[in-house]
Amino acid sequence: CRLAQVLTQYCVGANYGWLLAEGLFLHKLLALAAVSGERCLPAFLLLGWGEPVCPPRVSPRVPSPCPHPTLSPPRPGAPVLFVAPWAAARYLYENEGCWERNEKAAVWWIIRCPILVAVAVNFVVFVRIVRILVAKVRAHQVSRGDTRVRLARSTLTLIPLLGVHEVAFALGGGGGGGGG
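Structure below.
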């Protein structure tokens, strides 16, 4: 069950990594319209889950699903950078039960800090994206009365996409427990 806790924390970290990657990707597309987002795709993959595992080729006739099939092991994603130290600290200092309780706040903050940083950065990205959208809506405002409705719709779509609602939970949540 401890392995399940480690895997759960990895998945929670990967979720926040993907929220951050989505926000950065969208900001990149809106702010730098001339730059292709595909160049940053490997970095965004590493920010989330990590490099995908490429299955071996079944036959020479069947193309590989991976763009660059190699025999090297996949690189783990960014959540490994804080989940592995958390698991080691749990094992050394709080190795009780199934690791479902977080008695020592210092150990819990190993997981909590990177998630709070991702939420904070995503909030800043959200504010910048809304500013870009406001500028674009105002620039294309000919004689439309629905610009506020379009801006509100865009903003409300971005809130769950970028995890901005997590700011309220991050500020209100305690540092001693919870799943992430």
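In my numbering, the protein residues as written are 8 to 187.
The beta carbon of each residue, even a glycine, is placed where N, CA and C say it ideally should be.
Keep in mind that this is a model prediction, so the values were computed, not measured.
Residue environment, residue i, which counts as buried when at least 16 other CB atoms sit within 10 Å
| i | result |
| --- | --- |
| Val-149 | Interpretation of Val-149 is limited by its pLDDT of 49, a score under 50 that renders its predicted location unreliable; the figure taken from the coordinates is listed afterwards. So Val-149 counts as exposed. |
| Cys-8 | exposed |
| Val-114 | buried |
| Phe-176 | exposed |
Reference residue i; option with closest CA among the options
| i | options | result |
| --- | --- | --- |
| Ile-118 | Val-137, Ala-127, Cys-105 and Val-87 | Val-87 |
| Leu-14 | Glu-107, Val-134 and Arg-138 | Glu-107 |
| Leu-190 | Ala-142, Phe-51, Val-174 and Gly-170 | Past the boundaries of the shown model lies residue 190; the chain is included only from 8 to 187, so the question cannot be answered. |
| Asn-129 | Ala-11, Leu-33, Cys-18 and Gln-16 | Leu-33 |
Distance between residue j and residue i (C-alpha atoms, nearest Å)
| i | j | result |
| --- | --- | --- |
| Glu-29 | Asn-109 | 30 Å |
| Gly-84 | Leu-27 | 13 Å |
| Val-90 | Arg-145 | 44 Å |
| Leu-54 | Trp-25 | 7 Å |
| Trp-93 | Ile-166 | 29 Å |
Which of helix, strand or coil DSSP assigns to residue i
| i | result |
| --- | --- |
| Val-149 | Low confidence applies to Val-149: its pLDDT is 49, below 50, so where it sits in the model is not reliable enough to give any reading. |
| Gly-30 | helix |
| Gly-20 | helix |
| Lys-111 | coil |
| Pro-121 | helix |
| Cys-8 | coil |
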